[in-house]
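Structure first, commentary second.
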Amino acid sequence: MKLIIMGAPGSGKGTQAAIICKTHNLPHISTGDILRKNIADGTALGKQAKSFMDAGKLVPDELVVALLKDRIEQPDCAEGFLLDGFPRTKAQADALAQIVKIDVALNLETDLDKLADRMASRRVCLKCGYTTSAQDAPDGICKACGDKLVIRDDDKREVVENRLKVYAENTAPLVEYYRAAGVLANVDGMQSIEDVNKAIEAALK
Ligand code: AMP
1 MKLIIMGAPG
11 SGKGTQAAII
21 CKTHNLPHIS
31 TGDILRKNIA
41 DGTALGKQAK
51 SFMDAGKLVP
61 DELVVALLKD
71 RIEQPDCAEG
81 FLLDGFPRTK
91 AQADALAQIV
101 KIDVALNLET
111 DLDKLADRMA
121 SRRVCLKCGY
131 TTSAQDAPDG
141 ICKACGDKLV
151 IRDDDKREVV
161 ENRLKVYAEN
171 TAPLVEYYRA
181 AGVLANVDGM
191 QSIEDVNKAI
201 EAALK
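Using our numbering, the letters of the sequence shown correspond one by one to residues 1 to 205.
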């Protein structure tokens, strides 16, 4: 299965992506996680990406397409994968279509007004990518690997607004792109984590 999961920032796509990948034994390819890891490791790519990410802007297509291409050409992706946070622009979707044929593009439909609050309470582990909320992890420790949970730099209120705007302008139109390609599956993303996952599994069948 070659899958994409789409949705606004804070729609829960990272959480759902992790569940889908565990259930179906697929590599979880999150361009955001890869970029954050590069920033944490101080690589040249991380240095180039950081100012865009901190401002809630998109990292330039050339950089992200190159890193994505590199990743999905690795042997563990031969049978399938799930892309989370890629593509985010039409240019990225066109580049992806040149590399591989996508089977299903899942789209988490959400209420944009409620997402800023979700993002304000989000906590992530920079070591393993685990994501949770401040309410569900009051001790600030990652349940997956025991490292420290942090607030993402780009989850600050002023940056969140920009990210939602960037999503509406650049990424939301990809829903129509994948509908036209005949691979779109819409799922109501405002339900509980379990119910969203059930709806996704039903769509994948
Ligand atoms: P995410 O973790 O998917 O919310 O991504 C966090 C940030 O990383 C985004 O706000 C962008 O700055 C950058 N980013 C991640 N994926 C992409 C992409 N496909 N294209 C451009 N920028 C990206």
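Glycine is no exception: its CB is placed at the ideal position from the N, C-alpha and C atoms.
Handout entry: Beta bridge counterpart(s) of Asp188 as assigned by DSSP
Key = Paired residues: Glu109.
Handout entry: Any non-hydrogen atom of the ligand AMP within 6 Å of Leu58 CB
Key = yes
Exercise for the section: Give every residue of the same chain whose Cβ lies closer than 7 Å to the Cβ of Leu58, excluding the five residues on either side of it in the sequence, and list them in chain order. Expected result: Phe52, Arg88, Thr89, Val166, Asn170
Exercise for the section: List the residues that DSSP assigns as beta-bridge partners of Gly7. Expected result: Leu108
Exercise for the section: With a threshold of 6 Å, establish whether the CB of Thr31 neighbours any heavy atom of the ligand FAD. Expected result: The ligand FAD is not part of the structure shown, which contains the ligand AMP as its ligands.
Practice task
Report the partner residues of Ile29 according to the DSSP bridge assignment.
Solution key: Leu83
Practice task
With a threshold of 16 other CB atoms inside 10 Å of the CB of Ile200, please say whether the residue is buried or exposed.
Solution key: buried
Practice task
Quick one: measure Cβ to Cβ for Val223 and Val187, integer angstroms, because I've assumed they're closer than 8 Å.
Solution key: In the structure as shown, the chain begins at 1 and stops at 205. Residue 223 is therefore absent and cannot be evaluated.
Handout entry: Cβ-based neighbour list, Met190, same chain, cut-off 8 Å, excluding 5 preceding and 5 following
Key = Cβ neighbours of Met190 beyond the five flanking positions: Glu109, Thr110, Asp111, Lys114.
Practice task
Determine the extent of the beta strand (DSSP E) in which Cys125 is found, giving its start and end residues.
Solution key: 122–125
Handout entry: Residue of Ala105, Ala134, Lys101, Gln98 minimising C-alpha distance to Gly85
Key = Ala105
Handout entry: Beta-ladder partner(s) of Ile141, from DSSP
Key = Lys148
Problem - Stretch pair the stretch 27–38 + the stretch 60–68: three plus CB contacts closer than 8 Å - result: yes
Practice task
State the beta-bridge partners of Thr89 as determined by DSSP.
Solution key: Paired residue(s): none; Thr89 is not in a bridge.
Handout entry: Collapsed DSSP secondary structure at Thr132 in the structure displayed
Key = Here DSSP, grouped into helix, strand and coil, assigns Thr132 to strand.
Exercise for the section: From the DSSP output, in three-state form, read off Lys47 for me. Expected result: The answer is helix: DSSP assigns Lys47 an H, G or I state.
Problem - Given Glu194 as reference, the closest of Ile4, Met1, Leu3, Lys13 once Cα atoms are compared - result: Lys13
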